[in-house]
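Residue numbers (full-length UniProt numbering): 1 to 786.
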């Protein structure tokens with residue numbers, strides 16, 4: 001072998017000239033490519049190693065940048081734009097501006113900066129959308145664009161959406177603009193359009209409704225491939241939410257289906273996404289959503305296209321696919337909204353293996369399918385089965401319950417995955433099926449709590465509360481789950497349910513914790529930490545009709561005051577108190593007893609982050625008479641509340657100074673606040689305001705009556721008195737008011753605030769000063785009390 005080829009590292013010029021140069025071009029055929037590779041085997045390696053060629057090499061398209069790369073200077077400019085927008089989004093406009101026209105000047109300044117960025121963007125929209133650095137900048141700018149600019153941007157990418165939605169970065173840009181298009185479509189439905197300049201050089205700009213419709217038309221031919229694409233699938237979900245707004249209104253879980261957890265976490269790290277202009281502050285989607293008629297037809301077209309392009313096995317295979325399963329769930333929801341699920345051959349019929357068709361023929365299936373039994377225990381496809389039980393027609397639901405759930409609940413309720421499907425199915429169970437489920441699970445409740453599968457028990461309680469039936473059976477199920485069958489220990493329901501342990505396990509943990517030395521902490525003094533599922537169970541029990549909710553209220557009453565305050569000062573267990581005060585099933589008498597139980601301890605309750613919130617809720621519920629009791633009990637602890645970091649906010653609502661000085665005015669103020677609160681609060685609670693709030697306060701027999709001041713004799717005013725009054729003015733009034741503060745009753749002080757009352761008090765004070773003995777005044781010295 002020549003010496004030059006044995007050397008390693010960089011070659012010299014003489015050695016490089018001895019190596020034959022690679023050919024610069026090929027004829028494009030496979031034979032020439034293989035031949036050239038074989039000729040260079042001594043340089044590039046063995047003949048069987050062939051470099052992978054790009055799929056789009058023939059077309060000259062780079063899959064990472066299908067529309068070309070962004071220039072370095074343009075990218076640097078948009079980085080400065082991103083930095084400026086971040087500063088504006090994090091800094092409120094009120095902090096930046098000063099003066100009357102500050103907001104308008106700042107808006108004009110930001111608008112000029114934004115127009116310059118949009119001008120630089122013109123013609124480079126596709127390159128910026130597929131760039132790894134500039135794509136997120138476009139998403140941030142989208143929130144500050146008005147309707148016209150958004151329409152221009154989306155129109156500029158028309159014809160390329162099939163490539164953009166498959167791109168790693170371009171798909172997220174498309175998704176953001178489709179999400180923001182919802183606001184524009186709602187304004188267009190109300191006839192609100194931006195003013196456009198009459199220019200004959202440019203064509204007519206399509207409305208956002210037309211743009212979304214055309215995007216759907218562009219993506220329809222490749223719909224089945226996009227649903228399976230890891231980047232295009234979430235764009236299809238955003239389109240489905242836009243075509244069927246009811247998907248986001250029915251269940252909050254569908255909102256999470258639009259973006260994956262990884263994508264949502266990454267976008268959360270990008271900071272605030274909001275408009276930088278003052279006029280867009282507080283603008284959000286309206287409650288009443290209007291869907292154009294063409295959107296309904298397009299949603300049906302999506303379903304029909306999928307049914308045409310995919311057969312039954314391909315549709316069923318999507319259930320286990322992590323990418324396609326969420327899209328299939330939303331398509332089943334859209335199909336149910338358009339009343340297409342009950343038709344033979346529908347998506348619902350295919351994923352249920354012919355249950356819909358058999359019900360239409362009058363011959364329901366008698367044997368379960370292995371496919372659906374597999375969905376019960378699969379992590380990904382079990383979500384699809386939840387949608388099937390929730391949205392299938394009623395006759396199909398009865399068949400599915402009989403085939404896959406009935407007589408199998410004890411085994412499925414403790415399964416780590418299948419228990420979620422059972423809980424979702426119980427939400428649609430009628431009284432007969434709910435009663436059968438309670439009987440079937442009678443001996444399984446302790447196992448459910450032991451395995452931490454409390455979702456089934458909560459679903460049974462929620463369904464019984466909604467139907468207002470089977471209260472005794474549900475309460476017995478709750479007691480049986482925590483090992484409280486006997487009536488002796490039933491008052492421990494709250495203590496056991498919060499930690500989600502049986503009574504025996506709770507007592508064992510308490511004994512173990514007593515033998516250890518724990519660090520003294522206000523939030524972790526209790527050895528057992530409350531759990532969120534246990535708190536949700538108690539909140540569901542509080543929704544049961546009277547008298548079944550009393551199992552929770554009686555258990556709370558049996559706790560010591562220290563334990564009650566500890567529960568109120570925990571982030572999880574404090575929600576039980578919120579549910580007690582908000583539940584329409586709990587009468588006002590029980591709520592009032594709960595609020596009064598904390599009298600004398602409200603200063604301890606309010607000295608905490610979560611306890612102060614519970615104290616505020618108790619204060620909002622109380623009527624004027626009960627508020628006065630609470631406030632008077634806190635007068636000795638006024639300084640403690642004022643010095644507490646959290647208690648000072650609760651102390652502001654009390655207004656104890658006004659209560660001590662002018663009680664009648666304080667009561668009138670609390671009554672007015674209560675009326676405003678009742679007018680602003682929706683009428684969801686059935687607990688009426690107690691009648692005591694409308695009755696004026698009447699002092700009891702033991703309450704001392706304030707002494708009535710004696711009427712002073714009025715003297716006839718002369719010229720000297722008038723001159724004396726004019727020279728003193730407000731200073732004499734302040735001096736006299738302070739001197740006579742202890743002798744004037746609270747009632748007279750509140751009445752003195754009326755029109756003309758101040759002049760009469762001033763005359764009385766001046767008369768008292770003139771009638772005082774001359775020996776009390778010292779010449780040349782300042783009077784006492786001034």
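Every residue, glycine too, gets a C-beta built ideally from N, C-alpha and C. From a predicted model like this one, the values you see are computed outputs, not experimental measurements.
Nearest-angstrom Cβ-Cβ length linking residue 334 and residue 356, presumed shorter than 8 Å:
The sequence position of residue 334 within the chain shown is 334, counting from 1. The sequence position of residue 356 within the chain shown is 356, counting from 1. Contact between residue 334 and residue 356 does not hold, since their C-beta atoms are separated by about 16 Å, which reaches or exceeds 8 Å.
Going by C-alpha distance, which of 219, 331, 448 is nearest residue 391?
As a working note, residue 391 is residue 391 in the chain shown. Measuring from the Cα of residue 391, the nearest candidate turns out to be 331.
For residue 74, three-class secondary structure by DSSP:
Translated into the one-based positions of the chain shown, residue 74 becomes position 74. Looking at residue 74 - three-state DSSP - the assignment turns out to be helix.
As a quick exercise: from 624, 209, 124, pick the residue whose alpha carbon is nearest that of residue 677.
By one-based count along the chain shown, residue 677 stands at place 677. Out of 624, 209, 124, 624 has the C-alpha closest to the C-alpha of residue 677.
Should the stretch 166 to 174 be called in touch with the stretch 221 to 232, which here means at least 3 C-beta pairs below 8 Å?
Contact between the stretch 166 to 174 and the stretch 221 to 232 is present, with at least three C-beta pairs closer than 8 Å.
Between residue 152 and residue 212, what straight-line distance do the alpha-carbon atoms span, to the nearest angstrom?
Taking the chain shown and counting its residues from 1, the one referred to as residue 152 is at position 152. Taking the chain shown and counting its residues from 1, the one referred to as residue 212 is at position 212. If you take the alpha carbons of residue 152 and residue 212, they lie about 13 Å apart.
Considering only their Cβ atoms, is the gap separating residue 621 from residue 581 smaller than 7 Å?
For this step, residue 581 is matched to residue 581 along the chain shown. For this step, residue 621 is matched to residue 621 along the chain shown. Residue 621 is positioned such that its CB atom lies closer than 7 Å to that of residue 581.
Between residue 184 and the rest of its own chain, which residues show a CB-CB distance below 8 Å, the 5 nearest in sequence each way excluded?
Within the chain shown, numbered from 1, the residue matching residue 184 stands at position 184. Answer for residue 184: 147, 150, 151, 208, listed in chain order.
Can residue 612 be considered in contact with the ligand GTP, in the sense that its beta carbon sits closer than 6 Å to one or more heavy atoms?
Ligands in the displayed structure: none, and consequently the ligand GTP is not present.
Pull up the CB-CB distance for residue 481 and residue 457, whole angstroms please, since I reckon it's below 8 Å.
Along the chain shown, one-based indexing puts residue 481 at 481. Along the chain shown, one-based indexing puts residue 457 at 457. Separation of the CB atoms of residue 481 and residue 457 is rounded to 6 Å, and the pair is thereby assigned contact status at 8 Å.
Can you give, in chain order, each stretch of the alpha helix (DSSP H) that sits fully within the stretch 522 to 560 and has at least 4 residues?
Runs of the alpha helix (DSSP H) lying entirely within the stretch 522 to 560, each at least 4 residues long, are 532 to 541, 550 to 557 in chain order.
Kindly confirm or deny that the stretch 402 to 410 and the stretch 340 to 349 touch, where touching means at least three C-beta pairs closer than 8 Å.
Contact between the stretch 402 to 410 and the stretch 340 to 349 is absent: fewer than three C-beta pairs spanning the two stretches fall below 8 Å.
Compute the beta-carbon to beta-carbon distance between residue 421 and residue 376, rounded to the nearest angstrom, for a pair I have assumed lies under 8 Å.
Translated into positions along the chain shown, residue 421 becomes position 421. Translated into positions along the chain shown, residue 376 becomes position 376. At roughly 6 Å, the Cβ-Cβ gap stays under 8 Å, so residue 421 and residue 376 are in contact.
Given a cut-off of 7 Å on the beta-carbon distance, is the pair residue 429 and residue 394 in contact?
Stepping through the chain shown from its first residue, residue 429 is reached at position 429. Stepping through the chain shown from its first residue, residue 394 is reached at position 394. Not in contact: residue 429 and residue 394 (Cβ atoms no closer than 7 Å).
Host alpha helix (DSSP H) of residue 152 (start-end)
Working through the chain shown from its first residue, we reach residue 152 at position 152. For residue 152, the enclosing alpha helix (DSSP H) covers residues 147 to 156.
Can you give the beta carbon distance from residue 435 to residue 473, rounded, assuming they're within the 8 Å contact cut?
As a working mapping, residue 435 is identified with position 435 in the chain shown. As a working mapping, residue 473 is identified with position 473 in the chain shown. The C-beta distance from residue 435 to residue 473 rounds to 7 Å, short enough to fall under 8 Å.
Rounded to the nearest angstrom, what separates residue 751 and residue 598 at their Cα positions?
Taking the chain shown and counting its residues from 1, one reaches residue 751 at position 751. Taking the chain shown and counting its residues from 1, one reaches residue 598 at position 598. Caution applies to residue 751, whose pLDDT of 40 falls short of 50 and renders its modelled position unreliable; the value that the coordinates give is listed next. Taking the straight line from one Cα to the other gives about 34 Å.
Answer with buried or exposed for residue 537, where buried requires no fewer than 16 other C-beta atoms within 10 angstroms of its C-beta.
Residue mapping note: residue 537 aligns to position 537 of the chain shown, counting from 1. Buried, by the Cβ-count rule.
Helix, strand or coil, according to DSSP, for residue 599 in the structure here?
Taking the first residue of the chain shown as 1, we reach residue 599 at position 599. Three-state DSSP puts residue 599 in coil, outside helix and strand.
Exposure label - residue 231; buried when at least 16 CB within 10 Å
Counting from 1 along the chain shown, the entry for residue 231 is found at position 231. Result: buried.
If you count every other CB in all the chains shown that lies within 10 Å of the CB of residue 386, and 16 or more means buried, which is it?
Counting from 1 along the chain shown, the entry for residue 386 is found at position 386. Classification of residue 386: buried, given that the 10 Å Cβ count is 16 or more.
Give every residue of the same chain whose Cβ lies closer than 6 Å to the Cβ of residue 606, excluding the five residues on either side of it in the sequence, and list them in chain order.
In the chain shown, counting from the first residue as 1, residue 606 sits at position 606. Contacts found: 612, 615, 647, 650.
Can you give the Cα-Cα distance for residue 109 and residue 80, rounded to whole angstroms?
Locating residue 109 in the chain shown gives position 109, where the first residue counts as 1. Locating residue 80 in the chain shown gives position 80, where the first residue counts as 1. Residue 80 has its alpha-carbon roughly 16 Å from the corresponding atom of residue 109.
Residue span of the alpha helix (DSSP H) that contains residue 261, given as start and end:
Your numbering for residue 261 matches position 261 in the chain shown. Annotation: the continuous alpha helix (DSSP H) that includes residue 261 extends over 261 to 268.
Could you tell me the distance, in whole angstroms, from the CA atom of residue 112 to the CA atom of residue 266?
What you label residue 112 is simply residue 112 of the chain shown in a count that begins at 1. What you label residue 266 is simply residue 266 of the chain shown in a count that begins at 1. Take the alpha-carbon of residue 112 and the one of residue 266: they are about 30 Å apart.
Three-state secondary structure (DSSP) of residue 208:
Numbered from 1 along the chain shown, position 208 holds the residue referred to as residue 208. In this structure, residue 208 counts as helix in the three-state DSSP scheme.
Buried or exposed: residue 468, going by 16 or more other Cβ atoms within 10 Å of its Cβ?
Taking the chain shown and counting its residues from 1, the one referred to as residue 468 is at position 468. It is exposed - the Cβ of residue 468 has fewer than 16 other Cβ atoms within 10 Å.
Nearest neighbour of residue 296, chosen from 246, 259, 563 [CA to CA]:
Within the chain shown, residue 296 is the residue found at index 296, counting from 1. Closest in C-alpha terms to residue 296, from the list 246, 259, 563, comes 246.
Which first and last residues belong to the alpha helix (DSSP H) in which residue 298 is found?
For the purposes of this step, residue 298 is taken as the residue at position 298 of the chain shown. Counting along the chain, the unbroken alpha helix (DSSP H) around residue 298 starts and ends at 293 to 309.
For the alpha helix (DSSP H) containing residue 479, name the first residue and the last one.
Taking the first residue of the chain shown as 1, we reach residue 479 at position 479. Residue 479 -> alpha helix (DSSP H) spans 471 to 481.
Excluding the 5 residues flanking residue 442 on each side, which residues of the same chain have their C-beta closer than 8 Å to its C-beta?
As a first step, residue 442 must be located in the chain shown, where it is residue number 442. So the qualifying residues of the chain are 477, 480.
C-alpha distance - residue 528 paired with residue 189, whole-angstrom precision:
By one-based count along the chain shown, residue 528 stands at place 528. By one-based count along the chain shown, residue 189 stands at place 189. Spanning the alpha carbons of residue 528 and residue 189 requires a straight line of approximately 55 Å.
In the stretch 372 to 431, which residue ranges form an unbroken alpha helix (DSSP H) of at least 4 residues, counting only runs that do not cross its ends?
Restricted to the stretch 372 to 431, the alpha helix (DSSP H) segments that are unbroken, complete and at least 4 residues in length are 382 to 391, 394 to 404, 409 to 412, 418 to 426, listed in chain order.
Just confirm the distance between the C-beta atoms of residue 619 and residue 630, as a whole number of angstroms; I'd bet it's less than 8 Å.
Residue numbering aside, residue 619 sits at position 619 when the chain shown is read from its first letter. Residue numbering aside, residue 630 sits at position 630 when the chain shown is read from its first letter. Between residue 630 and residue 619 the Cβ distance is about 7 Å, and since that is below 8 Å, they are a contact.
Excluding the five sequence neighbours on either side, which residues of its own chain have a C-beta within less than 8 Å of the C-beta of residue 384, listed in chain order?
Counting from one through the chain shown, the residue named residue 384 turns up at place 384. Once the five neighbours on either side are set aside, the close Cβ partners of residue 384 are 319, 325, 328, 329, 332, 351, 375.
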